[in-house]
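**Student:** Below is the structure I would like to discuss, written out as structure tokens.
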Amino acid sequence: MSCNCQNPASINSWIDFQKMTPQNPLDLIEYAEIRTVPGLYLNSNTFLIPGGSSAPPVSPPFGPPPPPPITAWTVSPFTYNGLPTCFANETDNQQMVSDALQWNFKHQTADTSAYSALPVRKIIFLRGGNQWAMDIPLSLGASSYPNLQLTFRDNATTRGDYAGAYPVIDFSNSATPFTGNVNLRIILKTTGHVSMVLRAIDNGAPAVWSMFEMEWVIVP
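Just add 547 to the spot in the sequence shown (first one is 1) and you have the working numbering.
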């Protein structure tokens, strides 16, 4: 894999997951925004539900089980709302603009048909290289989300870094929470095949936590 992501061959059980170092999304992502709100890289203490862990309890000598979470994960209501589209970052270069149009013409980047099996609908094809931007249309549903965080899916299996934090790209907008149809725009450094998640916390009381999984096949 060319994006410097965790090698699956080195993971033989959940014990290995928990000892794994979280992967930095900046290894893959050059830029990200949602609804024109730029993402902010940070080490997050709110990526996972406080007081709990997505990893199963472990036995000594690895430590006691984690305390019970204050809430439970819910199924994400997020869906793709159309086909991811490639755009040239050099908008004044007509050859690059034409190349992006031709790439879109030759590539079906998603299959959102209701007849497709549910597990494969998470797969999308994206274009790697910092000369291209990809717009991923998403439907967030009717709820409002003041905070979204994007990172590698398998970071949720780890215990975080030395301080228990997780590297993420954070999107926060409490004044105008994210809702309805939005675009996730990303610029990717390179090619690869990765599983990503968009962690969401809505503005309910109590807040509802969910994760939307995306499988990115990044091609030239």
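Beta carbons: idealized from backbone N, C-alpha and C, even for Gly.
In the DSSP assignment, the alpha helix (DSSP H) including V644 goes from what residue to what residue?
**Tutor:** The sequence position of residue 644 within the sequence shown is 97, counting from 1. Unbroken alpha helix (DSSP H) run through V644: 641 to 653.
**Student:** Count the other CB atoms, across all protein chains shown, that sit within 10 Å of the CB of P607; report buried if there are 16 or more and exposed otherwise.
**Tutor:** For this step, residue 607 is matched to residue 60 along the sequence shown. In this prediction, P607 has a pLDDT of 45, which is less than 50 and means its spatial position is unreliable; what the coordinates show is noted afterwards. The residue is exposed, with fewer than 16 neighbouring Cβ atoms inside 10 Å.
**Student:** Suppose you measure from the CA of P604 to the CA of T704; what does that come to, to the nearest Å?
**Tutor:** Counting from 1 along the sequence shown, the entry for residue 604 is found at position 57. Counting from 1 along the sequence shown, the entry for residue 704 is found at position 157. Any reading at P604 must be qualified, since the residue scores a pLDDT of 45, below 50, and its modelled position is unreliable; the value itself is stated next. Spanning the two alpha carbons is a distance of roughly 12 Å.
**Student:** For the candidate residues V764, P631, P624, D574, whose alpha-carbon lies nearest to that of S757?
**Tutor:** Translated into the one-based positions of the sequence shown, residue 757 becomes position 210. Nearest of V764, P631, P624, D574 to S757, Cα basis: P624.
**Student:** Exposed or buried, what is A619 when buried is set at 16 or more other beta-carbons lying within 10 Å of its beta-carbon?
**Tutor:** Taking the first residue of the sequence shown as 1, we reach residue 619 at position 72. Per the 10 Å Cβ criterion, exposed.
**Student:** Give every residue of the same chain whose Cβ lies closer than 6 Å to the Cβ of G688, excluding the five residues on either side of it in the sequence, and list them in chain order.
**Tutor:** Here residue 688 corresponds to residue number 141 of the sequence shown, with the count starting at 1. Hits under 6 Å: P624.
**Student:** Near V644, what residues of its chain come up, given a Cβ to Cβ distance below 6 Å and the 5 sequence neighbours on each side ignored?
**Tutor:** As a first step, residue 644 is located in the sequence shown; it is residue number 97 there, counting from the start. Cβ neighbours of V644 beyond the five flanking positions: A635.
**Student:** For the putative contact between I733 and N694, defined by C-beta atoms under 8 Å, what is the C-beta separation to the nearest angstrom?
**Tutor:** As a first step, residue 733 is located in the sequence shown; it is residue number 186 there, counting from the start. As a first step, residue 694 is located in the sequence shown; it is residue number 147 there, counting from the start. That pair is no contact at about 18 Å.
**Student:** Could you check the C-alpha separation between V729 and V741 for me, to the nearest Å?
**Tutor:** Numbered from its first residue, the sequence shown carries residue 729 at position 182. Numbered from its first residue, the sequence shown carries residue 741 at position 194. Using only the alpha carbons, I get a separation of about 22 Å.
**Student:** Expressed to the nearest angstrom, what Euclidean distance is found between the alpha-carbon atoms of Y588 and L735?
**Tutor:** Your numbering for residue 588 matches position 41 in the sequence shown. Your numbering for residue 735 matches position 188 in the sequence shown. Taking the straight line joining both Cα atoms gives about 15 Å.
**Student:** Is the separation between the beta-carbon of I716 and that of L697 shorter than 8 Å?
**Tutor:** Stepping through the sequence shown from its first residue, residue 716 is reached at position 169. Stepping through the sequence shown from its first residue, residue 697 is reached at position 150. It is a contact, given that the beta carbons lie within the stated cut-off.
**Student:** Within 10 angstroms of its Cβ, does V744 collect 16 or more other Cβ (buried), or is it exposed?
**Tutor:** Translated into the one-based positions of the sequence shown, residue 744 becomes position 197. Classification of V744: buried, given that the 10 Å Cβ count is 16 or more.
**Student:** Identify, in the order they occur along the chain, each residue of the same chain with its Cβ nearer than 7 Å to the Cβ of H654, setting aside the five sequence neighbours on each side.
**Tutor:** Against the sequence shown, residue 654 aligns to sequence position 107. F672.
**Student:** Between the C-alpha atoms of N559 and D701, what's the straight-line distance to the nearest angstrom?
**Tutor:** Position 12 of the sequence shown, counted from the first residue, corresponds to residue 559. Position 154 of the sequence shown, counted from the first residue, corresponds to residue 701. Cα-Cα distance, rounded: 14 Å.
**Student:** Short check: CB of R668 to CB of T656, under 8 Å?
**Tutor:** Position 121 of the sequence shown, counted from the start, is the residue given in the question as residue 668. Position 109 of the sequence shown, counted from the start, is the residue given in the question as residue 656. Result no, Cβ atoms of R668 and T656 do not sit closer than 8 Å.
**Student:** Measuring only the C-alpha atoms, how far is T723 from S557?
**Tutor:** Here residue 723 refers to the residue found at position 176 when the sequence shown is read from its first residue. Here residue 557 refers to the residue found at position 10 when the sequence shown is read from its first residue. So the alpha carbons of these two residues sit roughly 42 Å apart.
**Student:** Please classify G739 as buried or exposed, where buried requires at least 16 neighbouring CB atoms within 10 angstroms.
**Tutor:** The sequence position of residue 739 within the sequence shown is 192, counting from 1. It counts as buried.
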